[in-house]
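Novice:
There are 2 protein chains.
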Amino acid sequence: MSSPLSLTILGCHSASPKANAHPTSQVLELRGHIFLIDCGEGTQVRLRKSKVKFSRIKHIFISHLHGDHIFGLVGLISTFGMMKRTEKLHVYGPKGIKELILTQLKITASFTTYPIEFIELSNDESEVVFEDEKVRVSTIPLEHRIYANGYLFQEVNPPRKLNLPLLEDLGVDKVYYGKLQKGSDVEHENKLIKSDDVCFVESPKSYAFCSDTVYRPQIVPLIKDVFLLYHEATFLETEADLCQKTKHSTALQAATIANAANAKHLILGHFSARYNDLTMFVSEAKQVFENVELAETLKRFYFE
Amino acid sequence: MSSPLSLTILGCHSASPKANAHPTSQVLELRGHIFLIDCGEGTQVRLRKSKVKFSRIKHIFISHLHGDHIFGLVGLISTFGMMKRTEKLHVYGPKGIKELILTQLKITASFTTYPIEFIELSNDESEVVFEDEKVRVSTIPLEHRIYANGYLFQEVNPPRKLNLPLLEDLGVDKVYYGKLQKGSDVEHENKLIKSDDVCFVESPKSYAFCSDTVYRPQIVPLIKDVFLLYHEATFLETEADLCQKTKHSTALQAATIANAANAKHLILGHFSARYNDLTMFVSEAKQVFENVELAETLKRFYFE
Numbered sequence: 237m238s239s240p241l242s243l244t245i246l247g248c249h250s251a252s253p254k255a256n257a258h259p260t261s262q263v264l265e266l267r268g269h270i271f272l273i274d275c276g277e278g279t280q281v282r283l284r285k286s287k288v289k290f291s292r293i294k295h296i297f298i299s300h301l302h303g304d305h306i307f308g309l310v311g312l313i314s315t316f317g318m319m320k321r322t323e324k325l326h327v328y329g330p331k332g333i334k335e336l337i338l339t340q341l342k343i344t345a346s347f348t349t350y351p352i353e354f355i356e357l358s359n360d361e362s363e364v365v366f367e368d369e370k371v372r373v374s375t376i377p378l379e380h381r382i383y384a385n386g387y388l389f390q391e392v393n394p395p396r397k398l399n400l401p402l403l404e405d406l407g408v409d410k411v412y413y414g415k416l417q418k419g420s421d422v423e424h425e426n427k428l429i430k431s432d433d434v435c436f437v438e439s440p441k442s443y444a445f446c447s448d449t450v451y452r453p454q455i456v457p458l459i460k461d462v463f464l465l466y467h468e469a470t471f472l473e474t475e476a477d478l479c480q481k482t483k484h485s486t487a488l489q490a491a492t493i494a495n496a497a498n499a500k501h502l503i504l505g506h507f508s509a510r511y512n513d514l515t516m517f518v519s520e521a522k523q524v525f526e527n528v529e530l531a532e533t534l535k536r537f538y539f540e
Numbered sequence: 237m238s239s240p241l242s243l244t245i246l247g248c249h250s251a252s253p254k255a256n257a258h259p260t261s262q263v264l265e266l267r268g269h270i271f272l273i274d275c276g277e278g279t280q281v282r283l284r285k286s287k288v289k290f291s292r293i294k295h296i297f298i299s300h301l302h303g304d305h306i307f308g309l310v311g312l313i314s315t316f317g318m319m320k321r322t323e324k325l326h327v328y329g330p331k332g333i334k335e336l337i338l339t340q341l342k343i344t345a346s347f348t349t350y351p352i353e354f355i356e357l358s359n360d361e362s363e364v365v366f367e368d369e370k371v372r373v374s375t376i377p378l379e380h381r382i383y384a385n386g387y388l389f390q391e392v393n394p395p396r397k398l399n400l401p402l403l404e405d406l407g408v409d410k411v412y413y414g415k416l417q418k419g420s421d422v423e424h425e426n427k428l429i430k431s432d433d434v435c436f437v438e439s440p441k442s443y444a445f446c447s448d449t450v451y452r453p454q455i456v457p458l459i460k461d462v463f464l465l466y467h468e469a470t471f472l473e474t475e476a477d478l479c480q481k482t483k484h485s486t487a488l489q490a491a492t493i494a495n496a497a498n499a500k501h502l503i504l505g506h507f508s509a510r511y512n513d514l515t516m517f518v519s520e521a522k523q524v525f526e527n528v529e530l531a532e533t534l535k536r537f538y539f540e
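Written out as structure tokens, the structure is:
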């Protein structure tokens with residue numbers, strides 16, 4: 237694998253407040269980026285607990301404008317201001333997010349010390365919303381009670397890695413390693429060592445965040461071969477009727493998407509408050525997809 | 237004393253988020269009323285932890301529109317809707333609170349199932365904002381960086397209580413107790429027992445909530461002889477210069493107000509995040525007012 241990917245869950249429960257169930261928010265770390273995804277109420281306190289440095293957050297992606305995914309954003313934005321942040325913040329979310337935040341900042345006299353760029357979304361087709369030399373982020377159109385997108389984070393240009401056992405076999409001096417990794421060929425004991433022969437590039441990592449949504453097989457081509465899929469599983473199959481009504485998914489449906497997309501790993505979240513025991517979500521999902529885990533507040537999933 | 241009064245602290249820290257420091261919110265219970273005062277982010281989760289029944293909250297009083305006193309309100313209002321509340325909610329707060337909440341409810345498609353009445357305040361003089369046969373609530377104009385009010389909750393018509401030792405001495409049959417308590421005189425062994433002779437009324441309880449504010453002796457006449465005073469003490473005297481700048485008070489200033497008002501009890505809160513050890517707040521306040529305690533998240537202060 238190329239670069240490490242980590243996902244820290246700040247909240248993974250649906251909207252009804254319980255003493256120890258927090259609404260959706262998570263932090264993705266990929267190629268040096270810290271991306272915040274959704275921002276339910278109380279996110280900033282759990283960010284503090286997670287030890288993620290506030291100043292490293294430059295991009296915030298909001299799936300949809302239901303309160304359990306957005307009510308913590310204005311508090312975080314205000315706190316950035318109290319911390320005298322100067323660096324620009326980029327906020328991606330459905331059309332309306334700018335008015336939602338700016339109205340609150342104005343009425344609460346929470347003037348920010350830094351610029352905010354709102355990237356408002358209204359497209360029903362997938363689109364690239366962020367791209368640099370390391371990561372590309374595109375939307376995954378979902379189907380919920382209001383306009384909603386998931387996000388696909390894809391590593392691009394994964395770094396070349398050295399085939400260390402081969403280099404040792406060839407007896408190449410370590411002083412050449414840097415050059416070889418960067419793509420230059422070198423001469424060693426009168427033999428040309430080609431960079432491409434001693435370096436390799438593993439498949440790039442990717443993460444798909446899909447919440448909230450009804451079962452939607454149309455997303456499968458967009459997330460084909462994804463490394464890690466987070467898919468909501470608000471209900472179990474016993475409550476499948478509620479999924480259609482509230483536009484949510486069951487654990488089995490989430491796993492069916494993971495299986496069809498040939499994902500490597502699946503994490504389930506957005507559990508309804510009606511379930512005290514979540515182990516059934518795993519067993520239901522495992523009927524069609526083995527490599528599944530449950531999201532858990534302040535749990536960090538780390539993949540080398 | 238007449239009726240019990242209890243104050244449950246849901247949060248008592250200033251705006252900067254820390255892992256275990258929550259912004260202002262508290263629940264006052266007086267004569268069967270449950271009043272919510274201020275509603276910083278995450279209030280609904282701490283309400284759950286406090287075991288206060290959401291449905292018993294009918295009146296919410298907001299001191300001012302800074303985020304650490306208001307950002308939790310829209311989430312609570314949305315949750316009331318998810319719980320299918322039907323009873324009217326009364327929200328008291330500075331002008332602008334209605335637009336703040338309604339804009340969010342509209343954009344987040346959080347339709348409420350119940351009516352909300354916003355009582356918007358802009359008066360610089362104290363005014364009565366709520367009154368029934370048991371409790372009167374009036375504003376306490378404060379001085380902060382934006383328009384702010386404290387609130388004075390006063391018990392009215394405290395219940396008549398029976399002088400039980402006297403009734404036993406007189407040998408009055410218990411069947412007459414109800415009548416006597418309600419104010420009727422009764423005949424007992426050919427003697428007239430006057431209700432007023434065997435009943436008494438203790439001094440009514442009252443609670444003054446004063447946060448956020450710079451030191452403001454003008455409030456003393458408004459809260460004269462108050463039973464319980466909660467006064468902000470964001471800083472210690474060593475940071476008195478910050479009080480003027482940020483329009484906050486020191487522990488000594490809060491205690492000076494309590495002493496001048498002849499309060500029975502003082503609770504300090506709204507502590508700045510800069511202090512890890514809060515014991516200095518008590519010792520500083522005790523220089524001028526002995527009966528002082530510190531607010532603490534989820535602590536319940538109970539007074540018979």
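Chains as they are written, first to last, in the numbering used here: chain A, 237 to 540; chain B, 237 to 540.
Beta carbons: idealized from backbone N, C-alpha and C, even for Gly.
No experiment lies behind these values; they were computed from the predicted model shown.
Would you list, in chain order, the members of the segment 249 to 281 of chain B that have their beta-carbon closer than 7 Å to a beta-carbon of chain A?
Specialist: The segment 249 to 281 of chain B vs chain A, Cβ under 7 Å: A251, S252, P253, K254, A255, E277, G278, Q280, V281.
Novice: How would you call P440 (chain B), buried or exposed, if buried means at least 16 neighbouring beta carbons within 10 angstroms?
Specialist: On the second sequence, position 204 is the one that residue 440 (chain B) refers to. Buried, since its Cβ has 16 or more Cβ neighbours within 10 Å.
Novice: Between which two residues does the alpha helix (DSSP H) containing H424 (chain A) stretch?
Specialist: Taking the first residue of the first sequence as 1, we reach residue 424 (chain A) at position 188. Unbroken run through H424 (chain A) is the beta strand (DSSP E), 422 to 424; no alpha helix (DSSP H).
Novice: Please state the DSSP three-state secondary structure of L272 (chain A).
Specialist: Residue mapping note: residue 272 (chain A) aligns to position 36 of the first sequence, counting from 1. Reduced to three states, the DSSP call for L272 (chain A) is strand.
Novice: Buried or exposed: where does R292 (chain B) fall if 16 or more other Cβ atoms within 10 Å of its Cβ makes it buried?
Specialist: Here residue 292 (chain B) is taken as the residue at index 56 of the second sequence, counted from 1. Per the 10 Å Cβ criterion, exposed.
Novice: Since V288 (chain A) and V263 (chain A) are thought to touch, with beta carbons under 8 Å apart, how far apart are those beta carbons, to the nearest angstrom?
Specialist: Position 52 of the first sequence, counted from the first residue, corresponds to residue 288 (chain A). Position 27 of the first sequence, counted from the first residue, corresponds to residue 263 (chain A). Between V263 (chain A) and V288 (chain A) the Cβ distance is about 5 Å, and since that is below 8 Å, they are a contact.
Novice: Under three-state DSSP, which class holds M237 (chain A)?
Specialist: Locating residue 237 (chain A) in the first sequence gives position 1, counting from the first residue. With a pLDDT of only 41 at M237 (chain A), under 50, the local geometry of the prediction cannot be trusted, and the value read off the model is given with reservation. Looking at M237 (chain A) - three-state DSSP - the assignment turns out to be coil, as it is neither helix nor strand.
Novice: What in chain B is Cβ-close to V310 (chain A), meaning under 8 Å?
Specialist: Translated into the one-based positions of the first sequence, residue 310 (chain A) becomes position 74. Per Cβ cutoff of 8 Å: G303, F307.
Novice: E356 (chain A): which of A:E323, A:H300, A:L398 sits nearest, CA to CA?
Specialist: One-based indexing of the first sequence puts residue 356 (chain A) at position 120. Checked all of A:E323, A:H300, A:L398; the closest Cα to E356 (chain A) is A:H300.
Novice: Between the segment 327 to 340 of chain A and chain B, which residues of the former have CB atoms less than 7 Å from a CB of the latter, in chain order?
Specialist: Of all residues in the segment 327 to 340 of chain A, G332, E335, L336, T339, Q340 have a Cβ within less than 7 Å of some Cβ in chain B.
Novice: Closer than 8 Å, Cβ to any Cβ of chain B: which residues of the segment 363 to 395 of chain A, in chain order?
Specialist: Residues R381, I382.
Novice: Note down, in chain order, every chain B residue with its Cβ under 7 Å from the Cβ of S314 (chain A).
Specialist: On the first sequence, residue 314 (chain A) is found 78 positions in, with the first residue counted as 1. In chain order: G303.
Novice: Enumerate, from N- to C-terminal direction, the unbroken alpha helix (DSSP H) stretches of 4 or more residues contained entirely within the segment 244 to 296 of chain B.
Specialist: You should have 279 to 286.
Novice: Give a yes or no on whether the C-beta atoms belonging to Q340 (chain B) and L312 (chain B) are separated by under 7 Å.
Specialist: Looking up residue 340 (chain B) in the second sequence gives position 104. Looking up residue 312 (chain B) in the second sequence gives position 76. The answer is no: Cβ separation not under 7 Å.
Novice: Mind listing the chain A neighbours of M318 (chain B)? Cutoff is C-beta to C-beta under 7 Å, in chain order.
Specialist: Residue mapping note: residue 318 (chain B) aligns to position 82 of the second sequence, counting from 1. Ordered by position in chain A, the residues that pass the 7 Å Cβ test against M318 (chain B) are A251, S252.
Novice: Helix, strand or coil, according to DSSP, for E356 (chain A) in the structure here?
Specialist: Stepping through the first sequence from its first residue, residue 356 (chain A) is reached at position 120. Looking at E356 (chain A) - three-state DSSP - the assignment turns out to be strand.
Novice: Using a Cβ-Cβ cutoff of 8 Å, what residues of the segment 340 to 351 of chain A are near chain B? List them in chain order.
Specialist: The residues in question are Q340, I343, T344, A345, S346.
Novice: Less than 7 Å separating the beta-carbons of E468 (chain A) and S447 (chain A)?
Specialist: Working through the first sequence from its first residue, we reach residue 468 (chain A) at position 232. Working through the first sequence from its first residue, we reach residue 447 (chain A) at position 211. Going by C-beta atoms, E468 (chain A) is nearer than 7 Å to S447 (chain A).
Novice: At least one CB of chain E closer than 7 Å to the CB of K285 (chain A): is that the case?
Specialist: In the displayed structure, chain E is absent; the protein chains listed are A and B.
Novice: Below 8 Å on the Cβ atoms is my guess for P395 (chain B) versus S239 (chain B); work out the distance and round it to an integer in Å.
Specialist: As a position in the second sequence, residue 395 (chain B) is number 159, starting the count at 1. As a position in the second sequence, residue 239 (chain B) is number 3, starting the count at 1. The Cβ separation is near 7 Å, so the contact holds.
Novice: Ignore the nearest five residues each way along the sequence and tell me which others in K415 (chain B)'s own chain have a CB closer than 6 Å to its CB.
Specialist: Your numbering for residue 415 (chain B) matches position 179 in the second sequence. Closer than 6 Å at the Cβ level, and outside the excluded window around K415 (chain B), lie V422.
Novice: Just verifying my parser: in three-state terms, what is the DSSP assignment at H305 (chain B)?
Specialist: Position 69 of the second sequence, counting from 1, holds the residue named residue 305 (chain B). DSSP places H305 (chain B) in helix when its eight states are reduced to three.
Novice: Roughly how many angstroms lie between the CA atoms of T515 (chain A) and K500 (chain A), to the nearest whole one?
Specialist: Working through the first sequence from its first residue, we reach residue 515 (chain A) at position 279. Working through the first sequence from its first residue, we reach residue 500 (chain A) at position 264. If you take the alpha carbons of T515 (chain A) and K500 (chain A), they lie about 21 Å apart.
Novice: I503 (chain A) to L378 (chain A), Cα distance in whole Å?
Specialist: If you number the first sequence from 1, residue 503 (chain A) lands on position 267. If you number the first sequence from 1, residue 378 (chain A) lands on position 142. Spanning the two alpha carbons is a distance of roughly 17 Å.
Novice: Count the other CB atoms, across all protein chains shown, that sit within 10 Å of the CB of Q523 (chain B); report buried if there are 16 or more and exposed otherwise.
Specialist: Numbered from 1 along the second sequence, position 287 holds the residue referred to as residue 523 (chain B). Q523 (chain B) is exposed by the Cβ-count criterion.
Novice: Ordered along the chain, which non-local residues of its own chain (more than five positions away) have a Cβ less than 6 Å from that of S314 (chain A)?
Specialist: By 1-based counting over the first sequence, the position of residue 314 (chain A) is 78. S346, listed in sequence order.
Novice: Per DSSP, what are the beta-bridge partners of G329 (chain B) in this structure?
Specialist: Along the second sequence, one-based indexing puts residue 329 (chain B) at 93. According to DSSP, G329 (chain B) bridges with B:E356.
Novice: Tell me which residues share the same chain as G317 (chain B) and place their Cβ nearer than 8 Å to its Cβ, disregarding the 5 neighbours each side in the sequence.
Specialist: On the second sequence, residue 317 (chain B) is found 81 positions in, with the first residue counted as 1. Around G317 (chain B): S346, F347, T348, T349, Y350.
Novice: To the nearest angstrom, how far is the alpha carbon of G213 (chain B) from that of L534 (chain B)?
Specialist: Past the edges of chain B, shown from 237 to 540, lies residue 213 (chain B), and the structure says nothing about it.
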